[in-house]
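Below is one structure, written out as structure tokens; the observations come after it.
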Amino acid sequence: MYGFIVFIVGSALCGFAPNLLALDGFRVLQGVGAAMIQANSVAILVLAPEREVGPRHRDSRSSPSLGLALGPTIGGLLIALGGWR
13 MYGFIVFIVG SALCGFAPNL LALDGFRVLQ GVGAAMIQAN SVAILVLAPE
63 REVGPRHRDS RSSPSLGLAL GPTIGGLLIA LGGWR
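See below:
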């Protein structure tokens with residue numbers, strides 16, 4: 013849960029960043045939160061019942077890949093349509 017909180021706070025702060033230096037710092041905070049989420053997802057997966065491990069393991073591998081594929085595209089579209097702020 014702490015990872016989600018750190019990531020969400022970092023994301024909100026990125027939206028209100030007054031300059032590029034602050035944005036970089038808030039992106040670091042986002043990265044820390046994301047690392048916390050990623051590390052804990054595998055630990056939770058180990059505790060899952062055997063019948064749920066297959067689908068959960070697949071989801072835990074595909075979600076980051078989907079984010080890496082769609083994130084830059086959607087981010088670029090949002091910036092092109094609305095600007096950085």
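For the sequence shown, our numbering assigns the number 13 to the initial residue and increments by one for each residue that follows.
The C-beta atom is built at its ideal place from N, Cα and C for all residues, glycine as well.
Just to confirm, is the Cβ distance from glycine 27 to glutamine 42 under 9 Å? no
For methionine 48, three-class secondary structure by DSSP: helix
So what's alanine 29 in DSSP terms, helix, strand or just coil? coil
Can you name, in chain order, every residue of its own chain whose Cβ lies under 7 Å from the Cβ of valine 44, other than the five neighbours on each side? Val18
Specify the secondary structure class of glycine 15 as computed by DSSP and reduced to three states. Secondary structure at glycine 15: helix, using DSSP grouped into helix, strand and coil.
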